[in-house]
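J.: Structure provided below as structure tokens; questions to follow.
There are 2 protein chains.
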Amino acid sequence: MSLTHALLGLLATRPQSGYELTKAFEGDLGRYAWQAGHTSIYPELAKLAERGLVEVTAEGARGSKTYDVTDAGRAELRDWLMSPPSRQAKVRNEQVLRMFLLSALDRDDAVTLLRRIAASTAEQADVLRAIREEAGDVVPGPAGFGQLAAEYGLRQYETVSSWALWAIEQLQTPART
Amino acid sequence: MSLTHALLGLLATRPQSGYELTKAFEGDLGRYAWQAGHTSIYPELAKLAERGLVEVTAEGARGSKTYDVTDAGRAELRDWLMSPPSRQAKVRNEQVLRMFLLSALDRDDAVTLLRRIAASTAEQADVLRAIREEAGDVVPGPAGFGQLAAEYGLRQYETVSSWALWAIEQLQTPART
DNA sequence: AGATACATGTAAACGGTTACATGATTCA
DNA sequence: TGAATCATGTAACCGTTTACATGTATCT
Numbered sequence: 001m002s003l004t005h006a007l008l009g010l011l012a013t014r015p016q017s018g019y020e021l022t023k024a025f026e027g028d029l030g031r032y033a034w035q036a037g038h039t040s041i042y043p044e045l046a047k048l049a050e051r052g053l054v055e056v057t058a059e060g061a062r063g064s065k066t067y068d069v070t071d072a073g074r075a076e077l078r079d080w081l082m083s084p085p086s087r088q089a090k091v092r093n094e095q096v097l098r099m100f101l102l103s104a105l106d107r108d109d110a111v112t113l114l115r116r117i118a119a120s121t122a123e124q125a126d127v128l129r130a131i132r133e134e135a136g137d138v139v140p141g142p143a144g145f146g147q148l149a150a151e152y153g154l155r156q157y158e159t160v161s162s163w164a165l166w167a168i169e170q171l172q173t174p175a176r177t
Numbered sequence: 001m002s003l004t005h006a007l008l009g010l011l012a013t014r015p016q017s018g019y020e021l022t023k024a025f026e027g028d029l030g031r032y033a034w035q036a037g038h039t040s041i042y043p044e045l046a047k048l049a050e051r052g053l054v055e056v057t058a059e060g061a062r063g064s065k066t067y068d069v070t071d072a073g074r075a076e077l078r079d080w081l082m083s084p085p086s087r088q089a090k091v092r093n094e095q096v097l098r099m100f101l102l103s104a105l106d107r108d109d110a111v112t113l114l115r116r117i118a119a120s121t122a123e124q125a126d127v128l129r130a131i132r133e134e135a136g137d138v139v140p141g142p143a144g145f146g147q148l149a150a151e152y153g154l155r156q157y158e159t160v161s162s163w164a165l166w167a168i169e170q171l172q173t174p175a176r177t
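Spelled out as structure tokens, the structure:
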């Protein structure tokens, strides 16, 4: 299960509470990679603790529990990350599904939709680019790992945006028969 | 539910049996966008028929049933495709999750993993490029809708591959402190 | 004092996967 | 004739989402 490894990975960067982990899934992680709400996170943490992959290292105010990965958890995570995904990895992307189904629309509708996609992805790329410029000034030297993910998102948006523009052109090219 | 609309979209391109729809999900559709096995497709087709969004237009050999979209189904599909995804669209991508969790690996492991990603995505891009060249000769004129999806996949792979190469460079740049 | 954010949990419903089951047709 | 492919279905299970539930600490 991917949630298992997502939690191990997040805890490997720093010990956190379930509440903080929940917030992490509301950011880029949930946006591009995997979603989870607190209602799946809390039970999963309990299961991981039972399996000895994580442990509660501190209990703070308001009943908060800080979890940390154990050595066994770290080993399990590395195993998962380094083992090539045996079969094809599972991908579920509603936005991409829409693109696959473009053929069900007439040309005008398809172009309208593609224009919207091009605009919104370009906009989101701009946002990420602005964030990168800011962060670039503050932290010089080799890119942090978080920056790798951010750059991934940026390039992703740029790619989709330019693809959409290309697709519009293709659809508008009159038939040569 | 996305499966609903995936089926409506596939049937909108041409009437098909559940068996044929199942095959469609085994190709690019299931690879990049959405997966479904026959055990979810057959019951879903029955539900769609009950709601009047599809109908059985022919029954062939070996008990096969050919489904087609109704006008109501077409309207429902257009609604879904054209309505901007209200909240953020659901994305689940195990491969991307791995990239987000790179930070849990030491530098050497991370580079090894990124190299593998760069190589495999470049390879898959090559495959798609080869297919495009072939198809390009056969079907001149404006791109078919299927070609839009194929181009999308190609650009996606190229982007991930070049990102991985960039990420490796970043990790190998010595700290400037 | 009241609103907001922090913090954790359970239970029912839902969607999808895996395992099980059956039978017809085609090909070697 | 036996294997592979075509073709459809059900049932149990599993992971996720939605709805429900509770209480604490901070800020205005």
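The listed protein sequences derive, respectively, from chains V and E.
First residue of the first sequence? That's 1 in full-length UniProt numbering, and the numbers climb one at a time after it.
First residue of the second sequence? That's 1 in full-length UniProt numbering, and the numbers climb one at a time after it.
Glycine included, C-beta positions come from ideal geometry on N, C-alpha and C.
(1) Quick one: which chain E residues come within Cβ less than 8 Å of V/A104?
(2) Between V/T159 and chain E, is any beta-carbon pair separated by less than 8 Å?
(3) Decide yes or no for the touch test of the stretch 152 to 171 of chain V against the stretch 114 to 127 of chain V: beta carbon pairs closer than 8 Å, at least 3 of them.
(4) Taking the beta carbon of V/V127 as the centre, do at least 16 other beta carbons fall within 10 Å, making it buried, or is it exposed?
(5) Could you please give the first and the last residue of the uninterrupted alpha helix (DSSP H) stretch that includes V/T13?
(6) Please tell me whether E/M82 and V/L101 are closer than 8 Å, where the distance is taken between their beta carbons.
(7) Taking only the alpha-carbon atoms, compute the straight-line gap between E/R31 and V/E59 and give it to the nearest angstrom.
(8) In three-state DSSP terms, what is E/A130?
(9) Mind listing, in chain order, the continuous alpha helix (DSSP H) runs of no fewer than 4 residues lying wholly within the UniProt domain "Transcription regulator PadR N-terminal" (7 to 78) of chain E?
(10) Beta-carbon within less than 7 Å of V/S64's beta-carbon, same chain only, minus the 5 sequence neighbours each way: which residues are those?
(11) So that I know if they touch, is there some Cβ in chain V lying closer than 8 Å to that of E/R51?
(12) Measuring CB to CB, does V/V111 end up less than 8 Å from V/Q172?
(13) Which value, in whole angstroms, describes the spacing of the CA atoms of V/E44 and V/Y67?
(14) Suppose you measure from the CA of V/R74 to the CA of V/A12; what does that come to, to the nearest Å?
(15) Between E/E123 and chain V, is any beta-carbon pair separated by less than 8 Å?
(16) Under 7 Å Cβ-Cβ, which residues of chain V neighbour E/E94?
(17) Looking at chain V, is there any beta carbon in it that lies within less than 8 Å of the beta carbon of E/E151?
(18) Give me the chain E residues within the contact set of V/Y32, using Cβ-Cβ distance strictly less than 8 Å, ordered along the chain.
T.: The relevant details are as follows:
(1) L8, G9, A12, T13, R74, L77, R78, L81
(2) yes
(3) Under the 8 Å Cβ criterion, the stretch 152 to 171 of chain V counts as touching the stretch 114 to 127 of chain V, having at least three qualifying pairs.
(4) exposed
(5) That run of the alpha helix (DSSP H) goes 2 to 13.
(6) no
(7) When only Cα atoms are considered, E/R31 and V/E59 end up about 43 Å apart.
(8) helix
(9) 18 to 26, 38 to 50
(10) S17, Y19
(11) no
(12) yes
(13) So the two alpha carbons sit approximately 12 Å from each other.
(14) Here the alpha carbon of V/R74 sits roughly 7 Å from the alpha carbon of V/A12.
(15) Taking Cβ atoms only, chain V never reaches closer than 8 Å to E/E123, which makes this a no.
(16) S2, P85, A89, K90
(17) Residue contact check for E/E151 against chain V: a CB pair falls below 8 Å.
(18) V91, N93, V96, F100, listed in chain order.
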